[in-house]
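Everything on this sheet refers to the single structure shown next.
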Amino acid sequence: MTTADTAPETADQLRTTVCPGCGAVLVATPDADGQHPGASASCWRLFQVTVRGLRDEAAQDLQTAALLQLARDTYDAQHLLPGGPAAAAVRLCLERDRGQDPLAAAALAARVEDAAPRSLQPPARWTTTVADLAADLDVVDLPALVSAWADATWADWAPAAPELRRAADTALTS
Ligand SMILES: [Zn+2]
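In my numbering, each residue carries its 1-based index in the sequence shown increased by 894.
Here it is, written out as structure tokens:
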């Protein structure tokens, strides 16, 4: 048994982690719950819990599938690996700036991956994270939340928007 296991409950509740991708400060959960590159285990778990209802319906409903894809792209655009292709940010550009349906943008996967810039500096902070999304879920519909989250995340990427637009247009026309 580790020290953490025997610590009083209050101390246990205070154990938090800062997500390396989006900066969300969340109660620590075991890594065994699953991992997403560039994200803390708690952040990834919270995202999965938040979109669980969409996952259940996506197979039967195209609109839900598109919303789930938009949520995934937004999440991924906040959790890029340093030096990796900014493919999710390019997909977000296609969706929020170039008017592409998220499923159509996802279908361009290989072309987006090829065109995506690799050395972009991600925003230093994010207007909205999955923690905000989860906190507002009781009072606002998930579709409205995901849409606002996607818009805010695309706006956060503004300094890199010219490069992302170039990559998006290359993926559309190549
Ligand atoms: Zn995160």
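For each residue, glycine too, the CB sits at the ideal point set by N, CA and C.
Since the structure is predicted, the reported quantities are computational estimates derived from the model, not experimental observations.
Boundaries of the alpha helix (DSSP H) around Val1006: 1003-1009.
Of the heavy atoms belonging to ligand 1, at least one sits nearer than 7 Å to the Cβ of Ala918. Ligand 1 never approaches Thr944 closely enough for any of its heavy atoms to be under 7 Å from the residue's Cβ. Assignment of Leu920 by DSSP, reduced to helix, strand and coil, places it in the strand class. In this structure the stretch 960-977 touches the stretch 1010-1020; the number of beta carbon pairs closer than 8 Å is three or more. Straight-line spacing of the CA atoms in Ala952 and Thr958 works out to 5 Å. Judged by pairs of C-beta atoms under 8 Å, the stretch 929-946 does not touch the stretch 987-994, as fewer than three such pairs exist. Membership of Val1024 in the alpha helix (DSSP H) is indicated by the continuous run 1024-1030. In this structure, Ala1061 sits near Ala1010, with a CB-CB distance shorter than 8 Å.
The beta carbon of Thr1023 sits closer than 7 Å to at least one heavy atom of ligand 1.
Taking the Cα positions, Ala1001 is about 23 Å away from Ala1042.
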